[in-house]
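Chains as they are written, first to last, in this note's numbering: chain A, 1 to 476; chain B, 1 to 377.
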């Protein structure tokens, strides 16, 4: 790692950039336009968020708060839990533990820093990781392993049984930093009493672990407040999901990023509710005008990104889609399986319900919520089994009327690379054009963004998607 | 006797399997040590640990698996696609790791394209990644479902008596393998690492009764054998699956002797015994799920480090080779921390990433081994 990189604490660095960015929307338009000229390395990322008005500014303010909470946690006597995106954080908020979520930290570094997170990725390899390990953790983890960030007090991960490389990153961090580790481990199927009982027991083990680490017991009143917040958030997310079904979709593509990053970092907090309400206000306005969520208000094609998005520098992935009037209909990260979601209706036993009758009911609700988080729900078993990836993708593409499906992942993702070819073939057989992109969503060095664009454009062109001659779909 | 072992270790469909099949008996393949062999044995079938040896192409493996996947399951799929596993009456896939668990879908999908490669019995056995009261229960239920499905599909009965007998037999052979380890890693080593691996591999693919008898004879002979470690550096081999005796020979040809290992085609498969008292299914659950030797069991790094340290001390090793198959991040990354912690205790280590399969990398590997041996000379 270069000396100048070592001069900055990663989380402080990211916080200071986001904190400043969050204030840029507070001034006049003229001030903002002038500022953009003065920050050549940040303006594209900044504008990709701020140009959406209040929701963009609010997201940045909330992100700054989350990062500040990490930075100041120890001063305030709070514990910091290093955790993963697919773990729902409400239980941590209930214990007043501050989540430090690696993958969003990697995403922030990837799109904000002009050099990306290459040095942190490589630092992980210097201290022992294989270079083929998942970049989504390594991008930020390198900084924490190098001591360039807040030292977490313990680790919680919920990917064992779902994704080896994710779980392996956290297990490695625990061994390397010599800090306690708790894993939520998932069985290969989702539904039925046997799986539910496992989910519940494992989650209660987590509560015991948190009680041990924090020295307090679970506060019922606090949990009730959080449960009420989750209920409200589930309703708001459902409304966004519903609006996304409209043709043209009034939901700006980047709102998917707002949605899942908000849920991963702030799920169960009032701040996330505010963000969802702000996003909805904007989306409802677009829907009322019959406009798409793209910058032009037009929609030439509808794409579902069946795994994750691409987080290249300057958020160029979203700009690419917007410039081509392609509606981003979400990805696995923006599906949470709350009971009222449009995609949940056909799968009533695969959803989570928010219950607040008593302590047990609330704990069970949280356990079910975590077990339905992105990836945790759909990637645990054979991809073609009920409630798994193919089933979910087919449901989503049908409900959302997607013109195509694209897969972005990371080179570390054994779990999806192990079967993405037959998965894509099955989608094609169902009449859905499917593109596998051999890029790494967090590391442009694997495949440059320009090469990714070429592949996407070639695919869209060859399949005549967005050309005004829509391909035949089974649901049309 | 070693020749019989070699035959069983170097070919998939070796004479003992052929004999078994000719007697009209059933062979069940499985890819990982987390599948309880005793159940298959108690059903009167031959548990057969699948391998990827002898592949000369990955055309089929690469068609279904993605590009960044461990070459071991790809080789297995390749062999299946070429009908080399046509003698298997059934297969049990497990989630040993992500690459291996996707063999389930890839084999099934390949079976849609290549008629006759998918065995009539194809079962998924879900193994938890942690040892806790509820995960033991889960594993027990998996065993009971496995028994039920074997019984229904093959019209057999797995009785408690047969299961207890199988547990005793497997314990007996594991004890013999532990004794073999003593002779291999003792002050005067009496067996090469290459031969030791051959013996272990043979056990994964031949009837256990015959194997146990062969082991007894082998142990008697070895006790009389002359020491072979004079002037050779004593090494321990750790990491991803290795079922290739030639890989070990390559190391030993450089002037070393592999006196100990922590490998799943190795000591990990026999270090733990099953409790012969109490409910046999519960005992098997404890035995298999308590194995923290594989990094698929997350959060047990210190236990694995302790095991390696104990073994290294007992075998008086001069160095440790930490190897992993490319894209095996579980072993590969943990090897990185092992290297830090073993070197800190004065145990020289060499990390090596390799491909599974024919030794196409012989030159590179030999050069690295030579350099390592020079370092620890």
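Built from N, CA and C at the ideal position, the CB exists for glycine as well.
| Item | Value |
| --- | --- |
| As a quick exercise: from A:65, A:95, A:28 and A:7, pick the residue whose alpha carbon is nearest that of residue 77 (chain A). | A:95 |
| Exposed or buried, which one is residue 208 (chain A) when buried takes at least 16 other CB atoms within 10 Å? | exposed |
| Counting only runs that start and end within the stretch 99 to 150 of chain A, where is the alpha helix (DSSP H) found for 4 or more residues in a row? | 102 to 112, 118 to 126 and 135 to 145 |
| Could you check if residue 141 (chain A) is buried or exposed, using at least 16 other CB atoms within 10 Å of its CB as the buried criterion? | buried |
| Taking the C-alpha atoms as reference points, what is the distance between residue 357 (chain A) and residue 223 (chain A)? | 12 Å |
| Check each residue of the stretch 330 to 347 of chain B: if its Cβ is closer than 8 Å to any Cβ of chain A, include it; give the result in chain order. | 330, 332, 333, 334, 335, 336, 337, 339 and 340 |
| Short of 8 Å Cβ to Cβ, which residues in the stretch 327 to 355 of chain A face chain B? | none |
| Give me, in chain order, the residues of the same chain whose beta-carbon lies closer than 7 Å to that of residue 18 (chain B); leave out the 5 immediate sequence neighbours on both sides. | none |
| In whole angstroms, what separates the C-alpha of residue 43 (chain A) from that of residue 330 (chain A)? | 25 Å |
| Any beta carbon of chain A sitting closer than 7 Å to that of residue 188 (chain B)? | no |
| Nearest-angstrom Cα distance between residue 24 (chain A) and residue 426 (chain A)? | 46 Å |
| So which residues of chain A does residue 288 (chain B) contact, with C-beta pairs closer than 7 Å? | Those do not exist, as residue 288 (chain B) stays about 15 Å from chain A at its closest Cβ, beyond 7 Å. |
| Closer than 8 Å is the cut-off here; do at least three beta carbon pairs connect the stretch 130 to 146 of chain A with the stretch 264 to 281 of chain B? | no |
| Thinking C-beta only, is residue 1 (chain A) closer than 7 Å to residue 176 (chain A)? | no |
| Keeping to the same chain, check which residues put their C-beta closer than 7 Å to that of residue 354 (chain A); ignore five residues upstream and five downstream. | 227, 230, 231, 234 and 365 |
| Tell me which residues of the stretch 407 to 437 of chain A have at least one Cβ-Cβ distance to chain B shorter than 7 Å, keeping chain order. | 411, 412, 414, 415, 417, 418, 419, 420, 421 and 422 |
| Counting only beta-carbon separations shorter than 7 Å, does residue 66 (chain B) have a partner in chain A? | yes |
| Are the C-beta atoms of residue 133 (chain A) and some chain B residue less than 7 Å apart? | yes |
| Quick check: what's the CA-CA separation for residue 466 (chain A) versus residue 16 (chain A)? | 40 Å |
| Decide if residue 348 (chain A) is buried, meaning its Cβ has at least 16 other Cβ atoms within 10 Å, or exposed. | exposed |
| If you follow the beta strand (DSSP E) that residue 323 (chain B) is part of, which residue opens it and which one closes it? | 319 to 325 |
| Could you tell me the boundaries of the alpha helix (DSSP H) in which residue 386 (chain B) lies? | Only positions 1 to 377 of chain B appear in this structure, which leaves residue 386 (chain B) out of reach. |
| By DSSP's criteria, residue 352 (chain A) is part of a beta bridge. Which residues make up the other side? | A:338 |
| Taking 6 Å as the limit between beta carbons, can you name the residues of its chain near residue 210 (chain A), skipping five residues before and five after? | 95 |
| Go through its chain and collect everything with a Cβ distance to residue 165 (chain A)'s Cβ below 7 Å, but skip five positions before and after it. | 133, 134, 412, 413 and 414 |
| Could you say which of A:439, A:342, A:111 and A:390 lies nearest to residue 424 (chain A) if we only look at CA atoms? | A:390 |
| Spell out the partners DSSP gives residue 125 (chain B) in its beta bridges. | B:94 |
| Roughly how many angstroms lie between the CA atoms of residue 110 (chain B) and residue 263 (chain B), to the nearest whole one? | 30 Å |
| By DSSP, does residue 78 (chain B) sit in helix, in strand, or in coil? | helix |
| Under 7 Å, do residue 347 (chain B) and residue 70 (chain B) count as touching if we go by C-beta distance? | no |
| With DSSP run on the structure shown, which of helix, strand or coil describes residue 224 (chain A)? | helix |
| Does residue 128 (chain A) come within less than 7 Å of chain B when only Cβ atoms are used? | yes |
| With 16 as the cutoff for other CB atoms within 10 Å, does residue 474 (chain A) come out buried or exposed? | Residue placement at residue 474 (chain A) is flagged as unreliable, the pLDDT there being 48, under the threshold of 50; the coordinate-derived value follows with that caveat. The residue in question, residue 474 (chain A), is exposed, as its Cβ has fewer than 16 Cβ neighbours within 10 Å. |
| Measure from the alpha carbon of residue 8 (chain B) to the alpha carbon of each residue in B:230, B:302, B:39 and B:204, then state which is nearest. | B:204 |
| Please name the residue, chosen from A:292, A:312 and A:33, that lies closest to residue 327 (chain A) on a Cα-to-Cα basis. | A:292 |
| Are at least three pairs of beta-carbons, each pair with one atom in the stretch 210 to 219 of chain A and one in the stretch 393 to 410 of chain A, less than 8 Å apart? | no |
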